[in-house]
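Encoded as structure tokens, the structure appears first; notes follow it.
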Amino acid sequence: MAFDTLMNAFTELMQIHHMLYLFGGVMLGIIVGILPGLGGIVGFSIMLPFLYGMDTTSALAMLIGMVAVVPTSDTFTSVLMGIPGSSASQATVLDGYPLSQKGEAARALGAAFTASLIGGLLGAIILSAFIVFARELILKLGSAELFILGIFGLSMVGVLSGKSLYKGFIAAAIGLLLGSIGSAPATGEFRMTFGSFYLYDGIKLVILGLGVYAVPEIISLLIENKKISKAEKLKGSFVQGIKDVWFYKWIVARCAPIGAMIGAIPGLGGSVVDWIAYGHVVQTSKDKSKFGKGDIRGVIAPESANNAKEGGGLIPTLLFGIPGSGSMAVFLGGLIILGIQPGPGMVKENLEVSYIIIWSLAIANIVGTVTCMLLSNKISKITTIPYGYVAPFMLMIIFFAALQATRSLEDLILLIAIGALGTLFKYFDWPRPALLIGFVLAGTIETYYYQAVQFYSWEMLERPGVIILILFMLTSILLSVYFKKRDEKKSKENQPRKTEEHKIKYSFFSGELIFIWSLMAFALFALIDSFTLRFLGGIFPIIVSSLLLIFGIILSIQITSKKRQKDILAVEIIENGQLSSTWVKTWTNFLILPIFLLGTWILGFIPALAILFILIIRIKMNSSWLKIIIITSCAIAFLLFISNAMVLHLPTGLIYDIYLKGN
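This is how it looks when you write it as structure tokens:
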């Protein structure tokens, strides 16, 4: 019976018009994935109005076509430009972008797409197997287990903390506090909003991701003003990338199931699964020295897990009507529009629909991967274009993506503020992944903590699932600390002794120390603000800010200790009695962003963007006015087309609002 239904679903999907809709969804998913910061939520939102009146099979094919390919196509910007295409492709940046800088963009993309294909197919297989058995497993996971799983995701900070574990802890705590801004889950009280209505709903992930990752990279490349790729010619063919995946096939075999399992847990998988997979491959590798510098394993692991999580994410969405992520929530709305009621009935009344989804997921992965591979050699050559031409386009895309949050000027203000924080993190070599993990998991950990305490009290620690997860987490942390200590010891043994003239001299009041104190000041503000709230509304930020203050004191003591500071500090602001040239160049180029913001407030988004294009291309590339006008006009025309298609009203500016709006 089940086999007949499976084959009937396959036969129906293979109809030409259904396949055309599937291909249409794939192409739209590729476009959405390439645009940084948009991701599946925006793509689904664009698609929903077109579902009315469509037959079920065609609509599902189109929806699943997008689901399958966004995690594949968002690799383009992650690898080529160091800008995460979506929240689920941020770990790929760590090694994918350095590979691109070495001139091995084609190799990185080949490995990423192959790993994505295998991960996606495994995700479809796992979804197929779970379609009958997952209900029993998922129902056994209570809020206590989900709380511990959130803590486990946070424990990855130990792997991603770089030179100093305390820097990782502080970065994660800052992420948790930023994720706590807005309404408290338990009481509805507003926390750390600074009196702004805009912050009542909290900080949007797309703005934080772009600010922490994209802005610092663009500033860095504007300083160099060279090609993204440091090599003259692109090296490492697609074939080499495919061979890499075969050589590291056991990484794919481990990370794809991890992705599917984490994706199946509602609210946890979407934005953290790539970090868990990345942390796993770092933790289990003997040679960790190349991670973050262009190690192909750092691309294969998150990409295989990233695509597999889509199959896993469909498990709670279809079987229980519980969306596993934001994009799955919009997908759920699409199913309801089509008259399909997700839940246990999917296995009984709508078994054929369930199998159509599985087949669509598998076929869309193949079609999407092949399409991306065919486009990649051309798109990879973007890395050979001087960055003075690329930067304004990237800034345009980033600003446009940030405006997807609330479509107000405050989106740009917050983007620039977080961009400044991300730039400081990059300058002082602090772990930005730790900050992002903390932010992503803040709501999950806090919500499930409240529920676990209310439902189980301290008896939650006696639940078998909780005990198993805690043991697994502690083992992971201990192994992480052990391997980190071992690697540090080997590094010191292999490093030649530095002479006195090569040692960096740090002042007591170093720039990084001031940076730490600034973070502690924010924690102190959060602590004071939280004491004005009711117990359930304030306890989470109170715990986090208290821990941050403790870690900040410890790190401050280490930095002021001559014995430890050489192992912790990476760079200084003051060199030989004057400001570091790198520091000056960084913030001189960063000034472009607040100037653009001022222009948007006065003139409007489009005129300010045109001025931004003209200034950057003229100053950085010294191009002719004819070329500048052509490039700027094409960019503005493209942006107007996209904004009209999405019915997005861009900020108009003070002059328009006062003098032109009423006319």
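In the working numbering, the protein residues as written are -14 to 648. From the three backbone atoms N, C-alpha and C, an ideal C-beta is built for every residue, glycine too.
What's the call for residue i, buried or exposed, on a 16-neighbour Cβ count within 10 Å?
i       : result
His265  : buried
Ala(-6) : buried
Tyr263  : buried
Glu497  : buried
Ser149  : buried
Asn607  : exposed
Lys483  : A caution first: Lys483 carries a pLDDT of 43, below 50, which makes its placement in the model unreliable, though a value can still be read off. Classification of Lys483: exposed, given that the 10 Å Cβ count is below 16.
Leu303  : buried
Trp235  : exposed
Glu486  : Any reading at Glu486 is ruled out, since the residue's pLDDT is 39, under 50, leaving its predicted position unreliable.
Leu359  : exposed
Tyr185  : exposed
His2    : exposed
Asp40   : exposed
Ser609  : exposed
Gly319  : buried
Lys488  : Confidence in Lys488 is poor, its pLDDT being 45 and thus under 50, which makes the residue's placement too unreliable to answer from.
Gly298  : buried
Ile19   : buried
Gly537  : buried
Met(-8) : exposed
Met313  : buried
Met(-1) : exposed
Ser289  : buried
Ser566  : exposed
Gly522  : buried
Thr432  : buried
Arg519  : exposed
Is residue i near residue j, with beta carbons less than 9 Å apart?
i      : j      : result
Ala96  : Gly244 : no
Glu89  : Gly450 : no
Thr564 : Leu533 : The residue asked about is misnamed: residue 564 is Leu in this sequence, not Thr. No, they are not a contact pair.
Tyr641 : Gly589 : yes
Gly50  : Gly248 : no
Gly105 : Ala293 : yes
Ala349 : Ala53  : yes
Leu399 : Ala387 : yes
Ile68  : Leu540 : no
Gly196 : Gly428 : no
Ile192 : Ala376 : no
Ile159 : Met458 : no
Gln268 : Leu126 : no
Leu421 : Gly194 : yes
Ile401 : Pro579 : yes
Leu48  : Met66  : no
Ile544 : Ser495 : yes
Ile300 : Leu112 : yes
Ala91  : Asn335 : no
Asp280 : Asp80  : yes
Ile602 : Ile621 : no
Leu509 : Leu161 : no
Gly180 : Gly164 : no
Residue i: which of the options sits nearest, CA to CA?
i      : options                           : result
Ser618 : Ile591, Ser85, Ile103 and Phe61   : Ile591
Leu582 : Pro636, Phe626 and Lys612         : Pro636
Ile133 : Leu79, Leu193 and Arg448          : Arg448
Leu139 : Ser345, Val258, Val64 and Ala53   : Val258
Leu207 : Ile577, Thr99, Leu406 and Tyr412  : Ile577
Phe575 : Phe61, Leu(-2), Thr42 and Ala199  : Ala199
Ile528 : Ile1, Val78, Glu395 and Tyr434    : Tyr434
Gln75  : Leu625, Leu594, Val224 and Ala419 : Ala419
Val224 : Ala100, Leu624 and Ser495         : Ala100
Ala278 : Ile68, Val78, Lys605 and Leu(-2)  : Reading off the sequence shown, one finds Lys at residue 278, where the question assumed Ala. The shortest Cα separation from Lys278 among Ile68, Val78, Lys605 and Leu(-2) belongs to Val78.
Ala157 : Ile513, Ser442 and Ile430         : Ile430
Leu624 : Arg92, Ala402 and Phe598          : Phe598
Phe424 : Ser289, Trp260, Gln86 and Phe276  : Trp260
Gly167 : Gly153, Tyr183 and Ile621         : Tyr183
Ser393 : Gly324, Ser222, Trp586 and Ala506 : Trp586
Ile604 : Glu202, Leu162, Leu633 and Asn210 : Asn210
Within 9 Å of any Cβ in chain B, is that where the Cβ of residue i sits?
i      : result
Ala100 : The structure shown contains no chain B; it is built from a single protein chain.
Segments of 4+ residues assigned as alpha helix (DSSP H) that fall wholly inside the region 401 to 446: List check, alpha helix (DSSP H) in window: 417 to 441.
Do the region 52 to 68 and the region -5 to 14 make contact, defined as three or more Cβ pairs closer than 8 Å? Touching, yes.
Three or more beta-carbon pairs under 8 Å between the region 166 to 182 and the region 371 to 381, yes or no? Contact fails: fewer than three Cβ-Cβ distances are below 8 Å.
Counting beta carbon pairs with one atom in the region 276 to 289 and one in the region 228 to 235, are three or more of them shorter than 8 Å? Yes: at least three Cβ pairs fall under 8 Å.
Length at least 4, wholly inside the region 150 to 181: the alpha helix (DSSP H) runs in chain order: Counting only runs of 4+ residues, the alpha helix (DSSP H) found wholly inside the region 150 to 181 occupies 150 to 165, in chain order.
Every unbroken beta strand (DSSP E) within the region 360 to 393, with a cutoff of 3 residues, ordered by chain: Qualifying beta strand (DSSP E) stretches: none in this window.
Start-end ranges of the alpha helix (DSSP H) lying completely within the region 27 to 113, minimum 4 residues: Every alpha helix (DSSP H) of 4 residues or more that sits fully in the region 27 to 113 is shown, in chain order, as 41 to 58, 60 to 65 and 75 to 86.
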